[in-house]
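Enquirer:
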Amino acid sequence: MVERSGGGDPARTVELLWRTRPVAGRGRKPKVTVDQIITAAVAAADADGLGAMSMARVAADLGLGTMSLYTHVPGKAELIDLMVDAVLRERDLRPADGDWRAQVELYARRTREVYRRHPWLRDVSMVRPPLGPGLLAGEEFLLAALSGIGLEPRQVVAAMGAIMTFVDGAVAAEVDTAQLERATGESTDAWWAARQLFWDEYFDVTRYPAMTSVWERGGFDLSTGEQSENAFEFGLRRLLDGIEGGVR
9 MVERSGGGDP ARTVELLWRT RPVAGRGRKP KVTVDQIITA AVAAADADGL GAMSMARVAA
69 DLGLGTMSLY THVPGKAELI DLMVDAVLRE RDLRPADGDW RAQVELYARR TREVYRRHPW
129 LRDVSMVRPP LGPGLLAGEE FLLAALSGIG LEPRQVVAAM GAIMTFVDGA VAAEVDTAQL
189 ERATGESTDA WWAARQLFWD EYFDVTRYPA MTSVWERGGF DLSTGEQSEN AFEFGLRRLL
249 DGIEGGVR
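Take 9 as the starting number for the sequence shown in my numbering and just add one per residue.
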């Protein structure tokens, strides 16, 4: 099941993302902080998937009653936004001087690392993103890297969108593969090997000449993991070549 970010109460979500609610000076000290709640929620999703993360699960892991959790976070929708933004902050991206391509590659690799550490991110649609410091740091980093290379402002935004779309799509496919291997206990290479019968007895080399030619010349010799790595590196380099080619 795919969850969606940006589905909670706008004012309360932004308040939580940026921690702008004043801390009460009187009364009993809260048993937990918002940061502790987020940490527990991320740990639950890391361990058992996003579907296993619920307000009740997080409350139990923290030794609280479920209703007491709602005094800190209004609901699951807001909590998902907080979780997403928290793990995006792990990229530790800060605008810096230097080669713009190296900066974009750093963004891509650190984003990839976050998806690998937290594969449940694949199950969150961010079409309507959480407007928190983790998300904005990534966009600021890319915009800073791309703004000084000679592109028009709209081209800068388009280039940023293309980079984010490529990285998110590439890592999503990689995470899907890893999750399926864990769930089934079978590697992707083993899955293909078990279907060798198809290639030996059903595949028509005359009907698919391009595929046959590439195969005969070693195009498919790498393992699926190596192919995925090659596709990521090749695609990222060619994308940056294309952006560079648009510079006046």
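Where is the CB? At the ideal position from N, CA and C, for every residue including glycine.
1. Going by DSSP in three states, serine 133 sits in which element: helix, strand or coil?
2. Between Met172, Ala198, Leu205, which has its C-alpha nearest arginine 120's C-alpha?
3. In whole angstroms, what is the alpha-carbon distance linking leucine 87 and valine 50?
4. Please report how far the alpha carbon of valine 132 lies from the alpha carbon of threonine 214, in whole angstroms.
5. Mind checking which residues open and close the alpha helix (DSSP H) that includes proline 217?
6. Between the segment 84-104 and the segment 42-62, do at least 3 Cβ pairs fall closer than 8 Å?
7. Mapping DSSP to helix, strand and coil, what is glutamate 268?
8. On the DSSP letters alone, give me the boundaries of the alpha helix (DSSP H) that alanine 186 sits inside.
9. Would serine 76 pass as a contact of alanine 68 if the rule is Cβ separation under 8 Å?
10. Taking the alpha carbon of arginine 99 as the point to measure from, which residue in Met134, Leu90, Ala116 has its own alpha carbon closest?
11. Measure the Cβ-Cβ separation of arginine 292 and proline 141 and say whether it is below 8 Å.
12. According to DSSP, is arginine 102 helix, strand or coil?
13. What residue from Val40, Val135, Pro103 has the CA that sits closest to glutamate 147's CA?
14. Helix, strand or coil for arginine 245 per DSSP?
15. So leucine 248 and valine 112 are supposed to be a Cβ contact under 8 Å. How far apart are they, rounded?
16. Exposed or buried, what is leucine 58 when buried is set at 16 or more other beta-carbons lying within 10 Å of its beta-carbon?
17. Measure the C-alpha to C-alpha separation of glycine 14 and aspartate 89 and round it to an integer number of angstroms.
Expert: Well, looking at it:
1. As a working note, residue 133 is residue 125 in the sequence shown. Strand at serine 133.
2. For this step, residue 120 is matched to residue 112 along the sequence shown. Of the candidates Met172, Ala198, Leu205, the one whose C-alpha sits nearest the C-alpha of arginine 120 is Met172.
3. For the purposes of this step, residue 87 is taken as residue 79 along the sequence shown, with counting starting at 1. For the purposes of this step, residue 50 is taken as residue 42 along the sequence shown, with counting starting at 1. Whole-angstrom Cα-Cα distance: 10 Å.
4. Residue numbering aside, residue 132 sits at position 124 when the sequence shown is read from its first letter. Residue numbering aside, residue 214 sits at position 206 when the sequence shown is read from its first letter. For valine 132 and threonine 214, the distance between alpha carbons rounds to 42 Å.
5. For the purposes of this step, residue 217 is taken as the residue at position 209 of the sequence shown. From DSSP, the alpha helix (DSSP H) with proline 217 extends over 217-224.
6. yes
7. Here the chain comprises residues numbered 9 to 256, so residue 268 is not present and cannot be evaluated.
8. For this step, residue 186 is matched to residue 178 along the sequence shown. Run containing alanine 186: 161-192, per the alpha helix (DSSP H) assignment.
9. The residue labelled residue 76 in the question sits at position 68 within the sequence shown. The residue labelled residue 68 in the question sits at position 60 within the sequence shown. Not in contact: serine 76 and alanine 68 (Cβ atoms no closer than 8 Å).
10. Taking the sequence shown and counting its residues from 1, the one referred to as residue 99 is at position 91. The candidate whose alpha carbon is nearest that of arginine 99 is Ala116.
11. Because the chain in this structure spans residues 9 to 256, residue 292 falls outside the shown range and cannot be described.
12. Locating residue 102 in the sequence shown gives position 94, counting from the first residue. Three-state DSSP puts arginine 102 in coil, outside helix and strand.
13. Position 139 of the sequence shown holds residue 147. Checking every option, the nearest Cα to that of glutamate 147 belongs to Pro103.
14. Position 237 of the sequence shown, counting from 1, holds the residue named residue 245. Reduced to three states, the DSSP call for arginine 245 is helix.
15. Locating residue 248 in the sequence shown gives position 240, where the first residue counts as 1. Locating residue 112 in the sequence shown gives position 104, where the first residue counts as 1. Right, the Cβ-Cβ distance comes to about 6 Å (below 8 Å), so this counts as a contact.
16. The residue you call residue 58 lines up with position 50 of the sequence shown. Answer is buried; the Cβ neighbour count reaches 16.
17. Position 6 of the sequence shown holds residue 14. Position 81 of the sequence shown holds residue 89. The straight-line gap from Cα to Cα measures roughly 7 Å.
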